[in-house]
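J.: Here the protein sequences line up with chains X and Z, keeping their order.
For the first sequence, my numbering assigns the number 591 to the initial residue and increments by one for each residue that follows.
For the second sequence, my numbering assigns the number 591 to the initial residue and increments by one for each residue that follows.
One structure is given below, represented as structure tokens, and several questions about it will come after.
2 protein chains.
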Amino acid sequence: MAATIRDVARVAGVGLGTVSRVLNNSPLVSAATRQRVLAVMAELRYNPSQIARNFALGKTLTVATIAPFFTRPSVVERLRGIEATLTASGYHLVVFNVEAVERRDECLREAVRNDRADGLLLVSLAPRPDEAVALREAHLPVVLIDTCAEGLPGVSIDDVAGGHLATSHLIALGHRRIAFIGDPETDPLTFNFTSSRDRMLGYQQALAAAKLPLNPAYERHGLHGRYEARVLARELLHLPEPPTAIFAASDTQAMGVLEAARDLHLPVPEALAVVGFDDIDIAEYLGLTTVRQPLFESGARAVELLFLLLSGAAPPPAERLPVELVVRRTSMKNR
Amino acid sequence: MAATIRDVARVAGVGLGTVSRVLNNSPLVSAATRQRVLAVMAELRYNPSQIARNFALGKTLTVATIAPFFTRPSVVERLRGIEATLTASGYHLVVFNVEAVERRDECLREAVRNDRADGLLLVSLAPRPDEAVALREAHLPVVLIDTCAEGLPGVSIDDVAGGHLATSHLIALGHRRIAFIGDPETDPLTFNFTSSRDRMLGYQQALAAAKLPLNPAYERHGLHGRYEARVLARELLHLPEPPTAIFAASDTQAMGVLEAARDLHLPVPEALAVVGFDDIDIAEYLGLTTVRQPLFESGARAVELLFLLLSGAAPPPAERLPVELVVRRTSMKNR
DNA sequence: CACCCCCTTGGAACTAGTTCCATCCTAGCA
DNA sequence: TGCTAGGATGGAACTAGTTCCAAGGGGGTG
Numbered sequence: 591m592a593a594t595i596r597d598v599a600r601v602a603g604v605g606l607g608t609v610s611r612v613l614n615n616s617p618l619v620s621a622a623t624r625q626r627v628l629a630v631m632a633e634l635r636y637n638p639s640q641i642a643r644n645f646a647l648g649k650t651l652t653v654a655t656i657a658p659f660f661t662r663p664s665v666v667e668r669l670r671g672i673e674a675t676l677t678a679s680g681y682h683l684v685v686f687n688v689e690a691v692e693r694r695d696e697c698l699r700e701a702v703r704n705d706r707a708d709g710l711l712l713v714s715l716a717p718r719p720d721e722a723v724a725l726r727e728a729h730l731p732v733v734l735i736d737t738c739a740e741g742l743p744g745v746s747i748d749d750v751a752g753g754h755l756a757t758s759h760l761i762a763l764g765h766r767r768i769a770f771i772g773d774p775e776t777d778p779l780t781f782n783f784t785s786s787r788d789r790m791l792g793y794q795q796a797l798a799a800a801k802l803p804l805n806p807a808y809e810r811h812g813l814h815g816r817y818e819a820r821v822l823a824r825e826l827l828h829l830p831e832p833p834t835a836i837f838a839a840s841d842t843q844a845m846g847v848l849e850a851a852r853d854l855h856l857p858v859p860e861a862l863a864v865v866g867f868d869d870i871d872i873a874e875y876l877g878l879t880t881v882r883q884p885l886f887e888s889g890a891r892a893v894e895l896l897f898l899l900l901s902g903a904a905p906p907p908a909e910r911l912p913v914e915l916v917v918r919r920t921s922m923k924n925r
Numbered sequence: 591m592a593a594t595i596r597d598v599a600r601v602a603g604v605g606l607g608t609v610s611r612v613l614n615n616s617p618l619v620s621a622a623t624r625q626r627v628l629a630v631m632a633e634l635r636y637n638p639s640q641i642a643r644n645f646a647l648g649k650t651l652t653v654a655t656i657a658p659f660f661t662r663p664s665v666v667e668r669l670r671g672i673e674a675t676l677t678a679s680g681y682h683l684v685v686f687n688v689e690a691v692e693r694r695d696e697c698l699r700e701a702v703r704n705d706r707a708d709g710l711l712l713v714s715l716a717p718r719p720d721e722a723v724a725l726r727e728a729h730l731p732v733v734l735i736d737t738c739a740e741g742l743p744g745v746s747i748d749d750v751a752g753g754h755l756a757t758s759h760l761i762a763l764g765h766r767r768i769a770f771i772g773d774p775e776t777d778p779l780t781f782n783f784t785s786s787r788d789r790m791l792g793y794q795q796a797l798a799a800a801k802l803p804l805n806p807a808y809e810r811h812g813l814h815g816r817y818e819a820r821v822l823a824r825e826l827l828h829l830p831e832p833p834t835a836i837f838a839a840s841d842t843q844a845m846g847v848l849e850a851a852r853d854l855h856l857p858v859p860e861a862l863a864v865v866g867f868d869d870i871d872i873a874e875y876l877g878l879t880t881v882r883q884p885l886f887e888s889g890a891r892a893v894e895l896l897f898l899l900l901s902g903a904a905p906p907p908a909e910r911l912p913v914e915l916v917v918r919r920t921s922m923k924n925r
């Protein structure tokens, strides 16, 4: 059996409290005693039990993160920011991957019921009002990433502004028939809904600002994925009056659009301009024009906000990080 | 303060043990008592403390995973397999991202010292002999993924066979000048070393089997990344006798090769055939011929092996999953 | 010389579960 | 009716830390 703090105390001929104080670098131990205790610890190959420590302190030094589809490049990049910042503070990161709506609820419920984490990060998921109450009652601090919710701290971007930026860019290039491809307009409680919807809002506002007509046939929605976007883009390009530019609510979907253009032998950007969103790693490779958002930073910043909450501070207001248009090949000037 | 098991026992007028038995679905409780206890639990909004439970049981129901560069698509896919399998069994996944060699050692040391996880998964990292001893002494079960080490269970593939497969395919297409791009041939203790090296071994064996000369100028090594591979590929393509095919040790590197071909206006596959490794998500999009390995399954299977170890079974032997050649546009028959 | 202060130390109590032994009770059987 | 087996139950002891109060002791001061 592994040595315990009591074994160390006995062998070193000191009290329990003294060993504990040595462990915690308390100044209330004489140098001589500290040396002796440390020697005994080494001799017994003593490893303090983190789990007992957590229990006694009522803390786990662990943060849980619930993310939908954590294989999506944008989510991975946020997780990287989260992991880096947590690890730097000695915290552990527990991840939950949500790929179905049921799992979303289940994960949240478990996060509330268990006390296996000191705090919770929600990526692209907002708690329902009842869930928010449960979180508050469980005294489980939460920070949102990529979403907003009444009264909850979070780190997000101005998706409307991002959509506006992308669309204005296409308008400035001379495009008049601009289509949009985004996630399904379903239940606002499912994944990622708000960002795609807000990006579309920005798209619509930009069109309106340029006095261009809103054509409902130019707004398509489908499951977030390359393949689905490819199908939608093909439909758009087969319209009697096909769009000359497509703004996709994510780079992944923009990739589907590029595939569709390839399918139909439409040169990009000459016959079709494409703009995505996120600026994931491959966007540069593809020469994809996109709206960059600080993904790594969003995770890092969310952790900082969570630490604030954990230190007992009042919930900070939701924050918005800046977005930026990155112009590449798929939307070069050509008219 | 939250209700404890003692509060429930007091209010329900039963003993501690009975409440514990209800919690653990023990059959040794009468239906009536169980009902009463459950009612009181609901009334008091009782949440069992996972952390106290972990402490009492000496288990954490948590598995730690140390992965280098967890943003790499192949690693993410493995993590997805790990997460899915762990979650299905009520386990939690703690992830550590290693992006520098120092961090590797640090993470391993911490995993051994702390008892915050019941088991450890190492992706693309093998413990050094001294680390293996420490793990054994700490009674921390380990399963390796994508590597092998003497006496440790693991899930990997036959990288040599994979390299052979890719290269034979190129030979069968009529290529005679076939180059290889892989990770650095540095210290075997750093990341991912073995897989790239073994793939090169397979490459060399396939060339030898076809009685083709081994040309050292055709073997290039650089940091794992698109950009680095692009530079190496450009060098290759500028040789007096440039290769007509390049086998890259990963799809990411193959993407760099494709970029280089684009830079030099070399049509693929007509002027240059390219084969990658892993079959990550974008490979299909790019039409990249590659060697597919079961990434998700490797994570899932590793977790199963870890559960075996946790149940006290003897360390199972290392396992190998099958690889498969996926032929796409970048290596179509053209000669 | 007595008093006081403060540095150092010891250890009981506490955290919230599980485990297991002792005990009670009841039904079945002789 | 008495005995017994076995299901149901209660609760002390245990897990390995932290916390905090009480107390020892040495040195400085009036």
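Backbone N, C-alpha and C define an ideal beta-carbon position, used for all residues, glycine too.
Hey, quick one: how far does the alpha helix (DSSP H) through ASN644/Z stretch, first residue to last?
T.: For the purposes of this step, residue 644/Z is taken as the residue at position 54 of the second sequence. Segment 640-647, the alpha helix (DSSP H) holding ASN644/Z.
J.: Please determine if the stretch 865-876 of chain Z and the stretch 638-658 of chain Z are in contact, where contact requires at least 3 C-beta pairs separated by less than 8 Å.
T.: With a cut-off of 8 Å, the stretch 638-658 of chain Z and the stretch 865-876 of chain Z do not count as touching, because too few Cβ pairs lie within range.
J.: Starting from PHE645/X, find everything on chain Z with Cβ-Cβ shorter than 7 Å and list it in chain order.
T.: Position 55 of the first sequence, counting from 1, holds the residue named residue 645/X. The answer, in chain order, is ILE641, ALA642 and PHE645.
J.: Under a CB-based cut-off of 8 Å, is VAL916/X close to chain Z?
T.: Taking the first residue of the first sequence as 1, we reach residue 916/X at position 326. False, the Cβ-Cβ gap to chain Z never drops below 8 Å.
J.: Relative to the C-alpha of ARG918/X, which candidate in ALA762/X, LEU755/X and VAL864/X has its C-alpha closest?
T.: The residue labelled residue 918/X in the question sits at position 328 within the first sequence. Ranking the options by Cα distance to ARG918/X, first place goes to VAL864/X.
J.: Measure the CB-CB distance between VAL713/X and VAL665/X and report whether it falls below 8 Å.
T.: Looking up residue 713/X in the first sequence gives position 123. Looking up residue 665/X in the first sequence gives position 75. Yes. Within cutoff.
J.: Look up LEU651/X in the DSSP assignment and give the residues it is bridged to.
T.: Residue mapping note: residue 651/X aligns to position 61 of the first sequence, counting from 1. Note: LEU651/X sits in no beta bridge, so no partner.
J.: How long is the line joining the alpha carbons of ARG611/Z and SER901/Z, rounded to whole angstroms?
T.: Residue mapping note: residue 611/Z aligns to position 21 of the second sequence, counting from 1. Residue mapping note: residue 901/Z aligns to position 311 of the second sequence, counting from 1. Spanning the two alpha carbons is a distance of roughly 22 Å.
J.: Applying a beta-carbon distance threshold of less than 9 Å, which residues of chain X neighbour ASN615/Z?
T.: Here residue 615/Z corresponds to residue number 25 of the second sequence, with the count starting at 1. None at all; the shortest Cβ gap to chain X is about 16 Å.
J.: Within this structure, are the beta carbons of ALA798/X and THR757/X separated by less than 8 Å?
T.: Translated into the one-based positions of the first sequence, residue 798/X becomes position 208. Translated into the one-based positions of the first sequence, residue 757/X becomes position 167. Their beta carbons are not under 8 Å apart, which means ALA798/X does not touch THR757/X by this criterion.
J.: From what residue to what residue does the alpha helix (DSSP H) around GLY607/X run?
T.: Looking up residue 607/X in the first sequence gives position 17. First-last of the alpha helix (DSSP H) with GLY607/X: 606-613.
J.: Cutting at 6 Å between CB atoms, please list the residues of its own chain near PRO884/Z, excluding the five before and the five after it.
T.: To locate residue 884/Z, count along the second sequence from 1; it is residue 294. Result list for PRO884/Z: LEU911, in chain order.
J.: Check the Cβ of LEU725/Z against every Cβ in chain X and list those closer than 8 Å, keeping chain order.
T.: Counting from one through the second sequence, the residue named residue 725/Z turns up at place 135. Going along chain X, no residue has its Cβ under 8 Å from LEU725/Z, so there is no contact; the nearest lies around 13 Å.
J.: Looking at the unbroken beta strand (DSSP E) that takes in SER746/X, where does it start and where does it end?
T.: Along the first sequence, read from residue 1 onward, the residue named residue 746/X stands at position 156. Note, SER746/X: beta strand (DSSP E), 744-747.
J.: From VAL893/Z to HIS855/Z, what distance separates their C-alpha atoms?
T.: Within the second sequence, the letter at position 303 stands for residue 893/Z. Within the second sequence, the letter at position 265 stands for residue 855/Z. Approximately 46 Å, taken between the alpha carbons.
J.: Considering only C-alpha positions, which residue in the set THR675/X, PHE659/X, ARG718/X and ARG852/X is nearest to GLY671/Z?
T.: Mapped onto the second sequence, residue 671/Z falls at position 81. Of the listed residues, the one whose Cα sits closest to GLY671/Z is PHE659/X.
J.: Note down, in chain order, every chain Z residue with its Cβ under 9 Å from the Cβ of PHE686/X.
T.: In the first sequence, counting from the first residue as 1, residue 686/X sits at position 96. Here the neighbours are GLU673, THR677, HIS682 and LEU683.
J.: Rounded to whole angstroms, what is the Cα-Cα separation between LEU779/Z and VAL847/Z?
T.: Along the second sequence, read from residue 1 onward, the residue named residue 779/Z stands at position 189. Along the second sequence, read from residue 1 onward, the residue named residue 847/Z stands at position 257. For LEU779/Z, the pLDDT reaches just 47, beneath the cut-off of 50, and the residue's location in the model is therefore unreliable, although a value from the coordinates is still provided. Computed Cα separation, rounded: 27 Å.
J.: Report yes if the C-beta distance between ILE771/Z and GLN843/Z is below 8 Å; otherwise report no.
T.: For the purposes of this step, residue 771/Z is taken as the residue at position 181 of the second sequence. For the purposes of this step, residue 843/Z is taken as the residue at position 253 of the second sequence. The answer is yes: Cβ separation under 8 Å.
J.: So, at 6 Å on beta carbons, what are the nonlocal neighbours of VAL690/Z in its own chain, with the 5 sequence-adjacent residues on each side left out?
T.: Start at 1 with the first residue of the second sequence, and residue 690/Z comes out as number 100. The amino acid at residue 690/Z is misidentified as Val; the sequence shows Ala. Correct list: empty, nothing qualifies.
J.: Among ARG626/Z, GLU775/Z, PRO830/Z and PRO803/Z, which residue has its Cα nearest to the Cα of GLY812/Z?
T.: Within the second sequence, the letter at position 222 stands for residue 812/Z. Of ARG626/Z, GLU775/Z, PRO830/Z and PRO803/Z, the residue nearest in Cα terms is GLU775/Z.
J.: On the criterion of 16 or more Cβ atoms from any shown chain inside 10 Å, does HIS759/X qualify as buried, or is it exposed?
T.: As a working mapping, residue 759/X is identified with position 169 in the first sequence. Buried: at least 16 other Cβ atoms inside 10 Å.
J.: For GLU775/Z, name the three-state secondary structure that DSSP assigns.
T.: Numbered from 1 along the second sequence, position 185 holds the residue referred to as residue 775/Z. In the structure shown, GLU775/Z sits in coil (DSSP, three-state: anything other than H, G, I, E or B).
J.: Across the stretch 595-602 of chain X and the stretch 626-641 of chain X, are there enough close Cβ pairs to call them in contact, namely three or more that are closer than 8 Å?
T.: Touching, per the Cβ criterion.
J.: Closer than 8 Å, CB to CB, is GLY603/X near chain Z or not?
T.: Residue 603/X sits at position 13 when you count from the first residue of the first sequence. So no, GLY603/X is outside the interface.
J.: Against chain X, does ARG925/Z count as a neighbour if the rule is that its beta carbon must be under 8 Å from one of theirs?
T.: Taking the first residue of the second sequence as 1, we reach residue 925/Z at position 335. Its pLDDT being 46, under 50, ARG925/Z is placed unreliably in this model, and the coordinates cannot settle the point.
J.: Expressed to the nearest angstrom, what Euclidean distance is found between the alpha-carbon atoms of ALA800/X and LEU763/X?
T.: On the first sequence, position 210 is the one that residue 800/X refers to. On the first sequence, position 173 is the one that residue 763/X refers to. In a straight line, the C-alpha of ALA800/X is about 12 Å away from that of LEU763/X.
J.: Whose CA, out of GLY744/X, ARG824/X and GLY792/X, lies closest to the CA of ALA908/X?
T.: Mapped onto the first sequence, residue 908/X falls at position 318. Of the listed residues, the one whose Cα sits closest to ALA908/X is GLY744/X.
J.: Is the stretch 676-695 of chain Z in contact with the stretch 667-683 of chain X, if contact means three or more CB pairs nearer than 8 Å?
T.: At 8 Å Cβ cutoff, the stretches touch.
J.: List the endpoints of the continuous alpha helix (DSSP H) containing ARG694/X.
T.: Counting from 1 along the first sequence, the entry for residue 694/X is found at position 104. Element bounds for ARG694/X: 691-703.
J.: Is it buried or exposed, ASN704/X, if we count other Cβ atoms within 10 angstroms and call 16 or more buried?
T.: As a position in the first sequence, residue 704/X is number 114, starting the count at 1. Looking at its Cβ environment, which holds 16 or more other Cβ atoms inside 10 Å, ASN704/X is buried.
J.: Assign THR834/X to one of three DSSP states: helix, strand, or coil.
T.: As a first step, residue 834/X must be located in the first sequence, where it is residue number 244. Coil.
J.: Taking the runs of the beta strand (DSSP E) that are 3 residues or longer, which of them lie wholly in the stretch 754-824 of chain Z?
T.: Segments of the beta strand (DSSP E) lying fully in the stretch 754-824 of chain Z: 768-772 and 809-811.
J.: Suppose the cutoff is 6 Å on Cβ atoms and the five residues either side in sequence are ignored; what does the same chain contact list for ARG914/Z look like?
T.: Looking up residue 914/Z in the second sequence gives position 324. The sequence given here places Glu at residue 914/Z; Arg does not occur at that position. Result list for GLU914/Z: ARG882, in chain order.
J.: What is the DSSP secondary structure of ARG918/X, reduced to helix, strand or coil?
T.: The residue given as residue 918/X occupies position 328 in the first sequence. The answer is coil: DSSP assigns ARG918/X none of H, G, I, E or B.
J.: Just mark PRO859/X as buried or exposed, buried being the case when its beta carbon has 16 or more other beta carbons within 10 Å.
T.: As a working note, residue 859/X is residue 269 in the first sequence. By the neighbour-count rule (16 or more Cβ atoms within 10 Å), PRO859/X is buried.
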